[in-house]
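Per full-length UniProt numbering, residue 1 is the first one in the sequence shown, and the count goes up by one each step. Heads up, the beta-carbon is just placed ideally off N, CA and C, and yes, glycines get one too. Here the structure is a predicted model, which means the values were calculated and not measured. Quick notes on the structure that follows.
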Amino acid sequence: MIESEAENEFIGEKFAEKYWLGVRYPKSENFMKIKSEYIRFTKWGKSEPNNYRENEYCIETANSEWNDVNCYEQKFGICEKPIGIGVNIWNPWSLSNCFKL
């Protein structure tokens, strides 16, 4: 999950498409991370979040701005790994797809 302006700008510079942020809105509470922690940093786009048609419970990012969207839209996700956990060379990931912040 993006936790600072620096992380948000980094993601915005590296990825041009719209991506899931791993956050949901359980309808009766504030937006939360997948691990059930409330988010502290936000970077909403103009007029967001708006819960359009009362059906937008997930967050995407594009161009360093956030938007609440329908959770059934198909998008790639952005994930974060703790420092010290390397990428296994047998893993289908490529170093060109890993970035250090």
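Contact between Glu60 and Tyr19 holds: their C-beta atoms lie close to 6 Å from each other, under 8 Å.
Residue state for Glu3 is assigned as coil, using DSSP reduced to three classes. Burial check for Glu54: the Cβ neighbour count within 10 Å stays below 16, so the residue is exposed. With respect to Asn63, Glu56 sits apart: the two C-beta atoms are not nearer than 9 Å. Its Cα nearest to that of Ala6, the residue Thr42 stands out among Ala16, Lys75, Thr42. Between the C-alpha atoms of Ile78 and Tyr72 there is a straight-line separation of about 16 Å. The Cβ-Cβ distance between Asn67 and Trp44 falls below 9 Å. Annotated three-state conformation of Glu65 is strand, per DSSP.
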